[in-house]
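There are 2 protein chains.
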Amino acid sequence: MVVNMTQKRWKIVIEYNGRPYSGWQRQTDGIPSVQAAIEDAIYNFCQQNITIHAAGRTDAGVHALGQVAHFDLDYGDRPLSAFDLRKAINAHLRDESIAIVQAEEVPADFQARFDAKNKLYIYKVLNRSAPEAISRGTVWHAKKPLDVAAMQEAATVLLGHHDFTTFRDSQCQAKSPMRTLDRLDIIAKPRAHDGQDIEFHLEALSFLHHQVRNIVGTLALVGSGKWTKDDLKSALEAKDRTKGGPTAPSDGLYLVRIDY
Amino acid sequence: MVVNMTQKRWKIVIEYNGRPYSGWQRQTDGIPSVQAAIEDAIYNFCQQNITIHAAGRTDAGVHALGQVAHFDLDYGDRPLSAFDLRKAINAHLRDESIAIVQAEEVPADFQARFDAKNKLYIYKVLNRSAPEAISRGTVWHAKKPLDVAAMQEAATVLLGHHDFTTFRDSQCQAKSPMRTLDRLDIIAKPRAHDGQDIEFHLEALSFLHHQVRNIVGTLALVGSGKWTKDDLKSALEAKDRTKGGPTAPSDGLYLVRIDY
Numbered sequence: 045m046v047v048n049m050t051q052k053r054w055k056i057v058i059e060y061n062g063r064p065y066s067g068w069q070r071q072t073d074g075i076p077s078v079q080a081a082i083e084d085a086i087y088n089f090c091q092q093n094i095t096i097h098a099a100g101r102t103d104a105g106v107h108a109l110g111q112v113a114h115f116d117l118d119y120g121d122r123p124l125s126a127f128d129l130r131k132a133i134n135a136h137l138r139d140e141s142i143a144i145v146q147a148e149e150v151p152a153d154f155q156a157r158f159d160a161k162n163k164l165y166i167y168k169v170l171n172r173s174a175p176e177a178i179s180r181g182t183v184w185h186a187k188k189p190l191d192v193a194a195m196q197e198a199a200t201v202l203l204g205h206h207d208f209t210t211f212r213d214s215q216c217q218a219k220s221p222m223r224t225l226d227r228l229d230i231i232a233k234p235r236a237h238d239g240q241d242i243e244f245h246l247e248a249l250s251f252l253h254h255q256v257r258n259i260v261g262t263l264a265l266v267g268s269g270k271w272t273k274d275d276l277k278s279a280l281e282a283k284d285r286t287k288g289g290p291t292a293p294s295d296g297l298y299l300v301r302i303d304y
Numbered sequence: 045m046v047v048n049m050t051q052k053r054w055k056i057v058i059e060y061n062g063r064p065y066s067g068w069q070r071q072t073d074g075i076p077s078v079q080a081a082i083e084d085a086i087y088n089f090c091q092q093n094i095t096i097h098a099a100g101r102t103d104a105g106v107h108a109l110g111q112v113a114h115f116d117l118d119y120g121d122r123p124l125s126a127f128d129l130r131k132a133i134n135a136h137l138r139d140e141s142i143a144i145v146q147a148e149e150v151p152a153d154f155q156a157r158f159d160a161k162n163k164l165y166i167y168k169v170l171n172r173s174a175p176e177a178i179s180r181g182t183v184w185h186a187k188k189p190l191d192v193a194a195m196q197e198a199a200t201v202l203l204g205h206h207d208f209t210t211f212r213d214s215q216c217q218a219k220s221p222m223r224t225l226d227r228l229d230i231i232a233k234p235r236a237h238d239g240q241d242i243e244f245h246l247e248a249l250s251f252l253h254h255q256v257r258n259i260v261g262t263l264a265l266v267g268s269g270k271w272t273k274d275d276l277k278s279a280l281e282a283k284d285r286t287k288g289g290p291t292a293p294s295d296g297l298y299l300v301r302i303d304y
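Chains P and E, in that order, give the protein sequences.
Just remember that our numbering sits 44 ahead of the position in the first sequence, which is counted from 1.
Just remember that our numbering sits 44 ahead of the position in the second sequence, which is counted from 1.
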């Protein structure tokens, strides 16, 4: 085996607005994706065709403040600092809704996906009658008032180790529906003129496909008074997606932090 | 004089992203403005050509979370609630970056501009190396680290009643350069991965043209270590625009609240 001594493994932390993209994963036929945009930016600054590996593949329209990915770069004899690498990629992402907010050299066996110990997702809701004007597509606009205390109280039934079949997409590829939800906090701030901003903070080692959006969509049924805490408990215990609430839109979902 | 008994005066509170617009004021030749968009929306739901009067004319690219305007509407015998009025205008603003967040009927002599008792502007800075990815154009991206404590300490020289010639645009139409700055707080929050979010909160009965942006641009000189508090004091006392710092970009400026 030839060991390439000038190859380095890099870990990058990425912020993006998911709206213009079909999701994280590179698509055929030039459909815009976050992965393709970053790989193209890297190619454009150093002419290397590399593949970047993310901690998780976010869906179309889902945003990130702290997506993590790793990749290997052969930079020959020229020294390249983490700061310069980040700056170079960002310069080539100028026309994208993507920014590299951190870069660091990591050991050659670092794996963004498999080494993750904890993930934080935040789901943002604009809860008022009037739509969002400043940056549409970055929150879920829920018009009817939501009772945050009722949602927070009901949310306790979802904490801990459960079969989350009710809250995973029917197309989810994960082998097991068992997951451990370590945190589900709901934080509300009144707005100056009308309504409130609500954030759902969810932490777990890993999540099922659409798990956060299905949980938020179901908790909104509790918040609007249609469901009780007991209804939520029955839905969880049914282990049946058709017994859960609707999937909240991608607009409000942010992958915020991944711990290693 | 014929008194129109079915005419009502309305006060509306408006949120907008200033980026797509040439500013508040209606322009000739169909150049997009916030005023024209709202007047057109009102025309489209009730076929009345009315003029709306704002508390202040924001410049191109400047945002609002709480702009206030008034207008008179003749709605005949049909009752129209504030809620329905707001909903109808918002429905016709669907393709704009504008939302009416509050509407209320006010006495026929209410004047959005002249009755204002206090205005709050917030100026938002993203202070980190990497650019903004989620919603570009909604903050000033200042790459070099800014010392918030130094800026806050220096800012005290601007509080109170002063001749603000140094901080007003050379084209400013106000008769007097005297203004009373009642509040200038600088609030910083560290970001998870890199840098900090900084907000400048300024309150006064009224502001001169570009006053907030010129103050922020000058305080940034203090934050980056180029100026001392004494330099800021000398600049204020010079009563000369050419002795002030640069005008911070429109991207970060928000008209947040007007008190009556």
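The beta-carbon is built from N, C-alpha and C at its ideal position, and this holds for glycine as well.
As the structure is a prediction and not an experimental result, all values here were calculated from the model.
(message) Tell me the residue span of the alpha helix (DSSP H) that contains residue 233 of chain E.
(response) Translated into the one-based positions of the second sequence, residue 233 of chain E becomes position 189. Unbroken run through residue 233 of chain E is the beta strand (DSSP E), 222-234; no alpha helix (DSSP H).
(request) Just list the beta strand (DSSP E) runs in the stretch 45-126 of chain E, keeping only unbroken ones of 3 residues or longer that don't cross its boundaries, in chain order. (result) Fully enclosed beta strand (DSSP E) runs of 3 or longer: 51-60 and 107-118.
(message) Can you list, in chain order, the residues of its chain with a C-beta nearer than 8 Å to that of residue 137 of chain P? Leave out the 5 residues immediately preceding and following it.
(response) Counting from one through the first sequence, the residue named residue 137 of chain P turns up at place 93. Closer than 8 Å at the Cβ level, and outside the excluded window around residue 137 of chain P, lie 81, 82, 85, 143 and 144.
(message) Please list, in chain order, the residues of the stretch 123-150 of chain P that have any C-beta partner in chain E closer than 9 Å.
(response) Taking 9 Å as the Cβ-Cβ cut-off against chain E, the residues of the stretch 123-150 of chain P that qualify are 127, 130, 131, 134, 137, 138, 140, 141, 142, 143, 144, 145 and 146.
(message) Please identify the residue among P:222, P:242, P:99 and P:257 whose C-alpha is closest to the C-alpha of residue 229 of chain P.
(response) For the purposes of this step, residue 229 of chain P is identified with residue 185 of the first sequence, where counting begins at 1. Measuring from the Cα of residue 229 of chain P, the nearest candidate turns out to be P:242.
(request) Give the secondary structure of residue 219 of chain P by DSSP, where H, G and I count as helix, E and B as strand, and everything else as coil. (result) Translated into the one-based positions of the first sequence, residue 219 of chain P becomes position 175. Reduced to three states, the DSSP call for residue 219 of chain P is coil.
(message) Just to make sure I have the definition right: I need the residues of chain E whose C-beta is within less than 8 Å of the C-beta of residue 110 of chain P. Which are they?
(response) Locating residue 110 of chain P in the first sequence gives position 66, counting from the first residue. Contact annotation for residue 110 of chain P against chain E: 236 and 237 [CB-CB distance below 8 Å, chain order].
(message) With DSSP as the reference, identify every bridge partner of residue 190 of chain P, one or two as the case may be.
(response) Within the first sequence, the letter at position 146 stands for residue 190 of chain P. For residue 190 of chain P, no pairing in a beta bridge is given by DSSP.
(message) Rounded to the nearest angstrom, what separates residue 141 of chain P and residue 201 of chain P at their Cα positions?
(response) Here residue 141 of chain P corresponds to residue number 97 of the first sequence, with the count starting at 1. Here residue 201 of chain P corresponds to residue number 157 of the first sequence, with the count starting at 1. So the alpha carbons of these two residues sit roughly 37 Å apart.
(message) Beta-carbon within less than 7 Å of residue 210 of chain P's beta-carbon, same chain only, minus the 5 sequence neighbours each way: which residues are those?
(response) Walking along the first sequence from the start, residue 210 of chain P turns up at place 166. Around residue 210 of chain P: 279, 280, 282, 283, 284, 285, 287 and 288.
(request) Just mark residue 123 of chain E as buried or exposed, buried being the case when its beta carbon has 16 or more other beta carbons within 10 Å. (result) Taking the second sequence and counting its residues from 1, one reaches residue 123 of chain E at position 79. Looking at its Cβ environment, which holds fewer than 16 other Cβ atoms inside 10 Å, residue 123 of chain E is exposed.
(request) Give me whichever residues DSSP pairs with residue 288 of chain P in a beta bridge. (result) As a first step, residue 288 of chain P is located in the first sequence; it is residue number 244 there, counting from the start. Per DSSP, none; premise fails for residue 288 of chain P.
(message) Quick check: is the beta carbon of residue 177 of chain E nearer than 9 Å to any beta carbon in chain P?
(response) By one-based count along the second sequence, residue 177 of chain E stands at place 133. At least one chain P Cβ lies under 9 Å of residue 177 of chain E.
(request) State the start and end residues of the unbroken beta strand (DSSP E) segment that holds residue 152 of chain E. (result) Your numbering for residue 152 of chain E matches position 108 in the second sequence. Per DSSP, residue 152 of chain E belongs to no beta strand (DSSP E) and is neither H nor E.
(message) Give me, in chain order, the residues of the same chain whose beta-carbon lies closer than 8 Å to that of residue 114 of chain E; leave out the 5 immediate sequence neighbours on both sides.
(response) For this step, residue 114 of chain E is matched to residue 70 along the second sequence. Taking residue 114 of chain E as the centre and dropping the five residues before and after it, the same chain places the C-beta of 53, 54, 55, 56, 96, 97, 150, 154, 155 and 156 closer than 8 Å to its C-beta, in chain order.
(message) Taking 9 Å as the threshold (C-beta atoms), are residue 108 of chain P and residue 176 of chain P in contact?
(response) Within the first sequence, residue 176 of chain P is the residue found at index 132, counting from 1. Within the first sequence, residue 108 of chain P is the residue found at index 64, counting from 1. No Cβ-Cβ contact shorter than 9 Å links residue 176 of chain P with residue 108 of chain P.
(request) Report the three-state DSSP secondary structure of residue 301 of chain P (helix, strand or coil). (result) The residue labelled residue 301 of chain P in the question sits at position 257 within the first sequence. DSSP places residue 301 of chain P within a strand segment (E or B) once states are collapsed to three.
(request) Compute the Euclidean distance between the alpha carbons of residue 117 of chain P and residue 77 of chain P, then round it to the nearest angstrom. (result) Indexing the first sequence from 1 puts residue 117 of chain P at position 73. Indexing the first sequence from 1 puts residue 77 of chain P at position 33. Taking the Cα positions, residue 117 of chain P is about 21 Å away from residue 77 of chain P.
(request) Report yes or no: is there a C-beta of chain P within less than 9 Å of the C-beta of residue 106 of chain E? (result) Counting from 1 along the second sequence, the entry for residue 106 of chain E is found at position 62. Chain P has no Cβ within less than 9 Å of the Cβ of residue 106 of chain E.
(request) Look at the alpha carbon of residue 130 of chain P and the alpha carbon of residue 146 of chain P, and state the distance between them as a whole number of angstroms. (result) One-based indexing of the first sequence puts residue 130 of chain P at position 86. One-based indexing of the first sequence puts residue 146 of chain P at position 102. Between residue 130 of chain P and residue 146 of chain P, the C-alpha separation is close to 7 Å.
(request) Look at the alpha carbon of residue 172 of chain P and the alpha carbon of residue 239 of chain P, and state the distance between them as a whole number of angstroms. (result) One-based indexing of the first sequence puts residue 172 of chain P at position 128. One-based indexing of the first sequence puts residue 239 of chain P at position 195. Roughly 4 Å between the two C-alpha positions.
(request) Consider the Cβ of residue 87 of chain P: report whether some Cβ of chain E lies at a distance smaller than 9 Å. (result) In the first sequence, the residue the question calls residue 87 of chain P occupies position 43. Not an interface residue.
(request) List the residues of chain E whose Cβ lies closer than 7 Å to the Cβ of residue 182 of chain P, in chain order. (result) Numbered from its first residue, the first sequence carries residue 182 of chain P at position 138. In chain order: 178 and 179.
(request) Under 9 Å between beta-carbons, which chain P residues line up against residue 80 of chain E? List them in chain order, please. (result) Indexing the second sequence from 1 puts residue 80 of chain E at position 36. Within chain P, no residue comes near residue 80 of chain E; the closest Cβ sits about 16 Å away, beyond 9 Å.
(request) Please determine, among E:51, E:79, E:300 and E:90, the residue with the shortest C-alpha to C-alpha distance to residue 237 of chain P. (result) Mapped onto the first sequence, residue 237 of chain P falls at position 193. Considering only E:51, E:79, E:300 and E:90, the residue with the shortest C-alpha distance to residue 237 of chain P is E:300.
(request) Anything in chain E within Cβ reach of residue 281 of chain P, meaning under 7 Å, just list it in chain order. (result) Start at 1 with the first residue of the first sequence, and residue 281 of chain P comes out as number 237. Residues of chain E whose Cβ lies closer than 7 Å to the Cβ of residue 281 of chain P do not exist, since the nearest Cβ in that chain is about 36 Å away.
(request) Give, in chain order, every unbroken run of the beta strand (DSSP E) that is at least 3 residues long and sits entirely within the stretch 133-179 of chain P. (result) Those beta strand (DSSP E) runs which fall completely within the stretch 133-179 of chain P and span 3+ residues are 142-150 and 162-171.
(message) Measuring only the C-alpha atoms, how far is residue 196 of chain P from residue 260 of chain P?
(response) Counted from its first residue, the first sequence places residue 196 of chain P at position 152. Counted from its first residue, the first sequence places residue 260 of chain P at position 216. Cα-Cα distance, rounded: 11 Å.
(request) Spatial neighbours of residue 68 of chain P within its chain, please: CB distance less than 6 Å, with the 5 preceding and 5 following residues excluded, ordered by chain position. (result) On the first sequence, residue 68 of chain P is found 24 positions in, with the first residue counted as 1. Counting only Cβ-Cβ distances below 6 Å, and skipping sequence neighbours, we find 78, 79, 98, 101 and 102.
(message) Would you say residue 266 of chain P lies against chain E (beta-carbon separation less than 9 Å)?
(response) Here residue 266 of chain P is taken as the residue at index 222 of the first sequence, counted from 1. Not a single C-beta of chain E is nearer than 9 Å to the C-beta of residue 266 of chain P.
(message) Measuring straight from C-alpha to C-alpha, what distance separates residue 45 of chain P and residue 92 of chain P?
(response) The count along the first sequence starts at 1 and reaches residue 45 of chain P at position 1. The count along the first sequence starts at 1 and reaches residue 92 of chain P at position 48. Note that residue 45 of chain P scores 48 on pLDDT, short of 50, meaning its location in the model is unreliable; the coordinates nonetheless yield the value given after this. Near 21 Å, if we compare the C-alpha coordinates of residue 92 of chain P and residue 45 of chain P.
(request) Can you grab the Cα-Cα spacing for the pair residue 183 of chain E / residue 275 of chain P, in whole Å? (result) Here residue 183 of chain E is taken as the residue at index 139 of the second sequence, counted from 1. Here residue 275 of chain P is taken as the residue at index 231 of the first sequence, counted from 1. Approximately 43 Å, taken between the alpha carbons.
(message) Which same chain residues end up closer than 6 Å to residue 246 of chain E when comparing Cβ atoms and leaving out the 5 residues on each side of it in sequence?
(response) For the purposes of this step, residue 246 of chain E is identified with residue 202 of the second sequence, where counting begins at 1. Excluding sequence neighbours, residue 246 of chain E sits near 165, 228 and 256.
(request) State buried or exposed for residue 61 of chain E, treating a residue as buried only when at least 16 other CB atoms are found within 10 Å of its CB. (result) Within the second sequence, residue 61 of chain E is the residue found at index 17, counting from 1. Buried: at least 16 other Cβ atoms inside 10 Å.
(request) Quick one: list the residues of chain P neighbouring residue 60 of chain E, beta-carbon separation under 9 Å, in chain order. (result) Looking up residue 60 of chain E in the second sequence gives position 16. 177 and 178, listed in chain order.
(message) Which residues does DSSP list as the beta-bridge partners of residue 204 of chain E?
(response) Walking along the second sequence from the start, residue 204 of chain E turns up at place 160. Residue 204 of chain E pairs with E:225.
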